[in-house]
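Chemist: Mind having a look at this structure? Questions to follow.
Protein chains: 4
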Amino acid sequence: MLRLAVIGAGRIGQVHARTISDHPGAQLVAIADPVPGAAAAVADAFGARAAERVADVYHDDAVDAVVICSPTPCHVDQIIASVAAGKAVLTEKPVDLSVARVDECLAAIAGSEHRVMVGFNRRFDPGVRELKARVDAGEVGELRQVTIVSRDPAAAPAPYLVSSGGIFKDMTIHDFDMARFLLGDIVEVSATGHAFIDDIRGIGDIDTCSVTLSSASGATATILNSRVCAAGYDQRIEVFGPKGALETTNLRSTGVRFSGASGTETAGSYLPFFLERYAAAYSAELDHFITSVEAGTAPSPSVLDGRAALVIAEAAGQSLSSRQMVPLA
Amino acid sequence: MLRLAVIGAGRIGQVHARTISDHPGAQLVAIADPVPGAAAAVADAFGARAAERVADVYHDDAVDAVVICSPTPCHVDQIIASVAAGKAVLTEKPVDLSVARVDECLAAIAGSEHRVMVGFNRRFDPGVRELKARVDAGEVGELRQVTIVSRDPAAAPAPYLVSSGGIFKDMTIHDFDMARFLLGDIVEVSATGHAFIDDIRGIGDIDTCSVTLSSASGATATILNSRVCAAGYDQRIEVFGPKGALETTNLRSTGVRFSGASGTETAGSYLPFFLERYAAAYSAELDHFITSVEAGTAPSPSVLDGRAALVIAEAAGQSLSSRQMVPLA
Amino acid sequence: MLRLAVIGAGRIGQVHARTISDHPGAQLVAIADPVPGAAAAVADAFGARAAERVADVYHDDAVDAVVICSPTPCHVDQIIASVAAGKAVLTEKPVDLSVARVDECLAAIAGSEHRVMVGFNRRFDPGVRELKARVDAGEVGELRQVTIVSRDPAAAPAPYLVSSGGIFKDMTIHDFDMARFLLGDIVEVSATGHAFIDDIRGIGDIDTCSVTLSSASGATATILNSRVCAAGYDQRIEVFGPKGALETTNLRSTGVRFSGASGTETAGSYLPFFLERYAAAYSAELDHFITSVEAGTAPSPSVLDGRAALVIAEAAGQSLSSRQMVPLA
Amino acid sequence: MLRLAVIGAGRIGQVHARTISDHPGAQLVAIADPVPGAAAAVADAFGARAAERVADVYHDDAVDAVVICSPTPCHVDQIIASVAAGKAVLTEKPVDLSVARVDECLAAIAGSEHRVMVGFNRRFDPGVRELKARVDAGEVGELRQVTIVSRDPAAAPAPYLVSSGGIFKDMTIHDFDMARFLLGDIVEVSATGHAFIDDIRGIGDIDTCSVTLSSASGATATILNSRVCAAGYDQRIEVFGPKGALETTNLRSTGVRFSGASGTETAGSYLPFFLERYAAAYSAELDHFITSVEAGTAPSPSVLDGRAALVIAEAAGQSLSSRQMVPLA
């Protein structure tokens, strides 16, 4: 039984609190949030202790591991403090908005890197896992083209987006990690994008982008993002090789289809957003974390994976503004 | 080059005229229709001779074969006269509304049965042919359940329906033939149905039915018919055996799909009706007829197949009115 | 918080134990099973008390409600005893294999019928609920044809089947209830079936059937069952009305599709069996039971619903053996 | 009745010969091919005159229009000569491999541009036409992302490819035209690609590419090409806007689907190649050409459209070799 504390009582913190609460091998001990009163309601709902001083969890002997769900700028400090206190860590993405800061983190946790996992939840989606296993088994041959469509149902509010680090570090970072998961190291990044939504243009960000990544093998990953999608949370991956293609199609709440004068085989909207779409992934991610911590093995994805995705995100930003293709070392 | 005459310049006659005209091995020589003026326009469109006396085509040495597209009550006389005149015959379904009359036909053409083919066009649909070939190859094992959904987009006008012989002889007869095509001889018929449409109830017919046929092997065919279908011409067959299932899905004019707030993966309506849905089938049917006539072999389906489907239709009518299951000899 | 005891520690008893354990408003107090040792392991897994004397749960003040998962012949006695002891009851289907015995049950619980719910889990499947709600909202118009395909992945062992009451009372009974759920009262039953599997023929049962039910409105339900299905647990419902059709399609563990030389858009097998396919339904069923008990309202489906499905099952058996259509009063 | 001559009796020439032959408003007068004997067999099959001297068709008063299906280097000379002789022209793509040469062509036919159409057949595909009409009707809002997947079933032989002008001018040029058809003018081109196939690397070409085009509106088109595809001729377009998405899915020879232990809903391979996939498009293309010529209006796409696609192809080649994004004037 792994005893966990969650830092951050916001939306994603609540997701992890519930996932921990539902896991037979995990116990939710505490929820910490410096915002007065924020932790209490969540802690009550899951029978955990609320803390307003985040440092409390580092010094709590009843806590084996920390799940970091705070705002991104807090991540590195909390990772370092948690590791220093002997806790294992599962941190939300991105590790930080700056590669330099991630490098400071890596230096600070040197020797304990295997105690920290980064929450790229999509690697644990049952569809993605099946696709990856079948690719690894050679079902489509060596990959040549990967296409990742990732569109949110609606844009987050501008106050959130303005501190998000921009679309590449906030949203596309999941897809950068997925491209690495499927293709390995990326050697070149090329990004195009546009702000069709006034509020997003107003904060200097874009809402729609197309990014091409080249891998060392010559394969490419094409990423299509949009902050809005009328049909729901559009999440698809297609991998193509000489022997065939595999795709993960969108999921819906039921399999009901309608046929009539307005059209045929009409299915429902896609699952609304990441909480619903990746519920099973969050659970499998936690399970991998627990298993790794208890076995003393390094969980994956690691901080180095988090760093690699961030490097691609920075290159994408540079490509977008410079209108250049950006090679990676 | 087979030289053909078409009897009957109505809708289905025009279908055959076009099909003949498009076939590289066929020549449309004449179109006969006793309704004054009816044949002329069609004949002109296809560069054929128009005749108002049907008998003209029997005596025309330039005619090798006759395609009978007249009203059902005329079929038998025209089959007999054509065969007597040495012509090969492709007749529309049903051969007649009475089994006794079909037996008279068979007696009259005795020795020349191989010169007459019945136009159960669906046997020639590319999807049906593929399904049948794969069943014959053992892909799903010995058949256990066949499900045939056949729904028209809209009911024909009452004046047509009143002389149609009723839903079983006019519409379901295609499905009875399909069940025989897939399962062989039928040993029991059970029919349920209802008139939801006032005009159809008014003429003593039904518009919706469910018919179960049992084959000698123990397999069953379930037929679902409706005279109306909001989504278009709904034509599906599913065959099920111990090793799997094969189905022929509906076809559409394009493969376009829409996804948005009103739903996802919305396809278009099914192809509107039999002219569009079975265009390729009519062509393949004619091709089989021509090939058979030129080789001197018996085309299939034969008048005996037409009789067998009619026997099932009569049993279905008897089952519907008596509320009994009807065994067939 | 409703405190529940489960009677019967077999497969379905374990399903309910887990469902209760996962429900925030339910507490699993005890598991009773007269087979020595059977309850202990399950009770341990869910932190409940094990009992070998079923009567213990009737006399336990800490038990508010009983979930009956014992063999069918025990159901009625246990329903009566539970109700007499003041417990609410959720019983697995069928209530009994005999309508007369169900009538005895109804007489014994007279005045407390609203305290007993019958576990026709499929009514609570999210797809079925959505379909029913859209039908009720008039989306397809008044129903004319309902098609229910229900095929098990593999036949249960002969020792189980021999005491199951036969395919209609054991398997099709779910579909009979579904037909009533969608169409209301049934007025005629017609059944055809066959044993293709030697072991099943050996015990005098059939493994494949086609049943047609007629409703008072003139609509029909067609049920297609098979004890085996190579593709997995095949569970589909299609409802057809004058304005369109709605169907619940099969579900799979992921949305992965493969395209290559062996074919395109190949999806995985259907969810293996009822535990996986109806996991959400069992949860929603329990939720409805808890809500009803706590509100003092009558849960649905009731014992009368269980009786009605059994009456249809008996009629189907009679139809199968007599080769007659069987009218219902 | 428009009287046409075809120049070039190869594969695509035969496609046009058949299409003309099947069109009720067109007459195939002659087929010219300088390769001794090449025209004769094709001409015989369609009842046309064969010519070994291409110039014969220019001087033939019985020819109203010329369809140019010769090797690409011959196109411009033949366009100019045909127009000079007063013939209307439908030429295969690309107009030429050099933009400068296309400009010479435009200068030579100045004043008669409306007499020349370029054969970008995909614009006439029924699915593409429906998609375009629905986009124009505002169904998905202003386009933001277009994704074009275009994969050939198998690579053409190296001797053909070596003179093809490379993947961008030979294959992707169709997709460049499609992007312009849907998005209008393109302002930036970015291309990545690789040769996975030894023979193709050997001739200095690539077999797999990902190209991103930016339009003036900020929308992007992503093109994914492969010279090989195990599943068949993979031809898909998805357009995405704020109100939804429309896609043209792949087509197959039938709608048959298989479900069994190896997977479910398995459809057949895609239509094998362009002859089958775009048969209806070639017919509609010819129809538009005939209608335009007879009305004296300018057919579309024009030589200017052909030039614009070629400009993009040249930019893609430049981007590929320079690893730069290439702006277009």
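Chains as they are written, first to last, in the working numbering: chain S, 1 to 329; chain R, 1 to 329; chain Z, 1 to 329; chain A, 1 to 329. From the three backbone atoms N, C-alpha and C, an ideal C-beta is built for every residue, glycine too. All values derive from a computational prediction rather than experimental measurement.
Output the distance between the C-alpha atoms of P299/A and D198/S, rounded to the nearest integer angstrom.
Modeler: What you label residue 299/A is simply residue 299 of the fourth sequence in a count that begins at 1. What you label residue 198/S is simply residue 198 of the first sequence in a count that begins at 1. Computed Cα separation, rounded: 39 angstroms.
Chemist: Please state the DSSP three-state secondary structure of H16/R.
Modeler: Reading the second sequence from its first residue, position 16 is the one you call residue 16/R. The answer is helix: DSSP assigns H16/R an H, G or I state.
Chemist: Rounded to the nearest angstrom, what separates T212/A and G317/S at their Cα positions?
Modeler: Numbered from its first residue, the fourth sequence carries residue 212/A at position 212. Numbered from its first residue, the first sequence carries residue 317/S at position 317. Straight-line Cα distance between these residues: approximately 17 angstroms.
Chemist: Counting only Cβ pairs nearer than 9 angstroms, list the residues of chain R close to A329/Z.
Modeler: The count along the third sequence starts at 1 and reaches residue 329/Z at position 329. The contacting residues do not exist; A329/Z stays about 15 angstroms from chain R at best.
Chemist: Considering only residues of the stretch 129 to 196 of chain S, which uninterrupted beta strand (DSSP E) runs meet the minimum length of 3 residues and lie entirely inside it, listed in chain order?
Modeler: Counting only runs of 3 or more, we get 145 to 151 and 186 to 194.
Chemist: Could you name the residues of the same chain whose beta carbon sits closer than 6 angstroms to that of R123/Z, not counting the 5 residues immediately before and after it, in chain order?
Modeler: By one-based count along the third sequence, residue 123/Z stands at place 123. Closer than 6 angstroms at the Cβ level, and outside the excluded window around R123/Z, lie F181.
Chemist: Could you tell me which of A107/S, D56/S, L4/S and R11/S sits nearest to D70/S, measuring between CA atoms?
Modeler: For the purposes of this step, residue 70/S is taken as the residue at position 70 of the first sequence. It is Ser, not Asp, that sits at residue 70/S in the sequence shown. Checking every option, the nearest Cα to that of S70/S belongs to R11/S.
Chemist: List the endpoints of the continuous alpha helix (DSSP H) containing D77/R.
Modeler: Looking up residue 77/R in the second sequence gives position 77. H75 to A84 is the extent of the alpha helix (DSSP H) around D77/R.
Chemist: Where are the alpha helix (DSSP H) runs, 4 residues long or more, that stay fully inside the stretch 15 to 65 of chain S, in chain order?
Modeler: With a minimum length of 4 residues, the continuous alpha helix (DSSP H) runs that stay inside the stretch 15 to 65 of chain S are 38 to 46 and 55 to 58.
Chemist: Go to L4/R, then tell me how far its beta strand (DSSP E) extends in each direction, as first and last residue.
Modeler: Residue mapping note: residue 4/R aligns to position 4 of the second sequence, counting from 1. Looking at the DSSP string, the run of the beta strand (DSSP E) that includes L4/R is L2 to I7.
Chemist: Suppose you measure from the CA of G86/Z to the CA of P301/Z; what does that come to, to the nearest Å?
Modeler: Position 86 of the third sequence, counted from the first residue, corresponds to residue 86/Z. Position 301 of the third sequence, counted from the first residue, corresponds to residue 301/Z. Near 20 angstroms, if we compare the C-alpha coordinates of P301/Z and G86/Z.
Chemist: Listing by chain order, which chain A residues have their CB less than 8 angstroms from the CB of A245/R?
Modeler: Start at 1 with the first residue of the second sequence, and residue 245/R comes out as number 245. Correct list: F258, S259 and G260.
Chemist: Spell out whether any CB of chain R is found under 8 angstroms from the CB atom of R227/Z.
Modeler: One-based indexing of the third sequence puts residue 227/Z at position 227. Chain R contact via Cβ: absent.
Chemist: Just curious, the beta strand (DSSP E) that R277/R is in, first and last residue?
Modeler: Along the second sequence, read from residue 1 onward, the residue named residue 277/R stands at position 277. Not the beta strand (DSSP E): R277/R falls in the alpha helix (DSSP H), residues F274 to R277.
Chemist: Helix, strand or coil for A88/Z per DSSP?
Modeler: As a position in the third sequence, residue 88/Z is number 88, starting the count at 1. DSSP places A88/Z in strand when its eight states are reduced to three.
Chemist: Looking at the structure shown, is C229/S part of a helix, part of a strand, or coil, going by DSSP?
Modeler: Start at 1 with the first residue of the first sequence, and residue 229/S comes out as number 229. Reduced to three states, the DSSP call for C229/S is coil.
Chemist: Compare the Cα-Cα distances from G204/A to each of L320/A, G268/A, A309/A and G138/A and report the closest residue.
Modeler: For this step, residue 204/A is matched to residue 204 along the fourth sequence. The shortest Cα separation from G204/A among L320/A, G268/A, A309/A and G138/A belongs to L320/A.
Chemist: I need the boundaries of the beta strand (DSSP E) containing I237/A, first residue and last residue.
Modeler: Looking up residue 237/A in the fourth sequence gives position 237. Where I237/A is concerned, the enclosing beta strand (DSSP E) stretches over D234 to G241.
Chemist: In the DSSP assignment, what residue or residues form a beta bridge with I223/Z?
Modeler: The residue given as residue 223/Z occupies position 223 in the third sequence. DSSP lists I148/Z and V211/Z as partners of I223/Z.
Chemist: Under DSSP, the alpha helix (DSSP H) around G315/Z begins and ends at which residues?
Modeler: For the purposes of this step, residue 315/Z is taken as the residue at position 315 of the third sequence. For clarity, residue 315/Z is Ala in the given sequence; the question names Gly instead. Per DSSP, A315/Z belongs to the alpha helix (DSSP H) from V303 to S322.
Chemist: Are A26/S and L304/S closer than 8 angstroms when you measure CB to CB?
Modeler: Counting from 1 along the first sequence, the entry for residue 26/S is found at position 26. Counting from 1 along the first sequence, the entry for residue 304/S is found at position 304. In this structure, L304/S does not lie closer than 8 angstroms to A26/S by Cβ.
Chemist: For G241/S, which residues in the same chain have their Cβ closer than 7 angstroms to its Cβ, ignoring the five residues on either side in sequence?
Modeler: The count along the first sequence starts at 1 and reaches residue 241/S at position 241. Correct list, in chain order: V140, G141, E142, L143 and R144.
Chemist: Determine which residues of the stretch 314 to 328 of chain R have a Cβ less than 7 angstroms from any Cβ of chain Z, and write them out in chain order.
Modeler: Answer in chain order: R323, Q324 and M325.
Chemist: CB-CB under 8 angstroms to A330/S, same chain, minus the five flanking residues each way: which ones, in chain order?
Modeler: This structure cannot speak to residue 330/S, because chain S is shown only from 1 to 329.
Chemist: Just to confirm, are S190/S and S322/A a CB contact at a threshold of 8 angstroms?
Modeler: Position 190 of the first sequence, counted from the start, is the residue given in the question as residue 190/S. Position 322 of the fourth sequence, counted from the start, is the residue given in the question as residue 322/A. For S190/S and S322/A, no; Cβs fall outside 8 angstroms.
Chemist: Is there at least one Cβ from chain Z nearer than 8 angstroms to E265/A's Cβ?
Modeler: By 1-based counting over the fourth sequence, the position of residue 265/A is 265. Yes, contact with chain Z.
Chemist: Could you check whether the Cβ of T138/S sits closer than 8 angstroms to any Cβ belonging to chain Z?
Modeler: Looking up residue 138/S in the first sequence gives position 138. Correcting the residue identity first, residue 138/S is Gly in this sequence and not Thr. So, not an interface residue.
Chemist: In whole angstroms, what is the alpha-carbon distance linking Y233/Z and N121/Z?
Modeler: Translated into the one-based positions of the third sequence, residue 233/Z becomes position 233. Translated into the one-based positions of the third sequence, residue 121/Z becomes position 121. C-alpha separation (whole angstroms): 15 angstroms.
Chemist: Apart from the five residues on each side of it in sequence, which residues of its chain come closer than 8 angstroms, Cβ to Cβ, to A55/Z?
Modeler: For the purposes of this step, residue 55/Z is identified with residue 55 of the third sequence, where counting begins at 1. Same-chain partners within the cutoff: A81.
Chemist: Taking 8 angstroms as the cut-off, does the stretch 215 to 231 of chain Z touch the stretch 97 to 112 of chain Z (at least 3 CB pairs, one atom from each stretch)?
Modeler: Flag = no, the stretch 97 to 112 of chain Z and the stretch 215 to 231 of chain Z do not touch.
Chemist: Please name the residue or residues paired with V67/S in a DSSP beta bridge.
Modeler: As a first step, residue 67/S is located in the first sequence; it is residue number 67 there, counting from the start. DSSP, once it has assigned bridges, lists V6/S and L90/S as partnering V67/S.
Chemist: Based on the DSSP secondary-structure assignment, which residues constitute the bridge partners of F258/R?
Modeler: Taking the second sequence and counting its residues from 1, one reaches residue 258/R at position 258. F258/R is bridged to T266/R and L246/A.
Chemist: For G255/R, which residues in chain S fall below 9 angstroms Cβ to Cβ?
Modeler: Here the question's residue 255/R lines up with position 255 in the second sequence. Residues of chain S passing the Cβ test: none, with the nearest at roughly 12 angstroms.
Chemist: Report all residues from its chain with a CB closer than 8 angstroms to the CB of L271/A; omit the five preceding and five following residues, and keep chain order.
Modeler: For the purposes of this step, residue 271/A is identified with residue 271 of the fourth sequence, where counting begins at 1. The residues are G232, Y233, N250, L251, R252, S253 and R277.
Chemist: Roughly how many angstroms separate the alpha carbons of Q324/Z and A308/Z, rounded to a whole number?
Modeler: For this step, residue 324/Z is matched to residue 324 along the third sequence. For this step, residue 308/Z is matched to residue 308 along the third sequence. Distance between the alpha carbons of Q324/Z and A308/Z is about 20 angstroms.
Chemist: Who are the neighbours of E285/Z on chain S, taking C-beta pairs under 7 angstroms?
Modeler: Here residue 285/Z refers to the residue found at position 285 of the third sequence. Within chain S, no residue comes near E285/Z; the closest Cβ sits about 16 angstroms away, beyond 7 angstroms.
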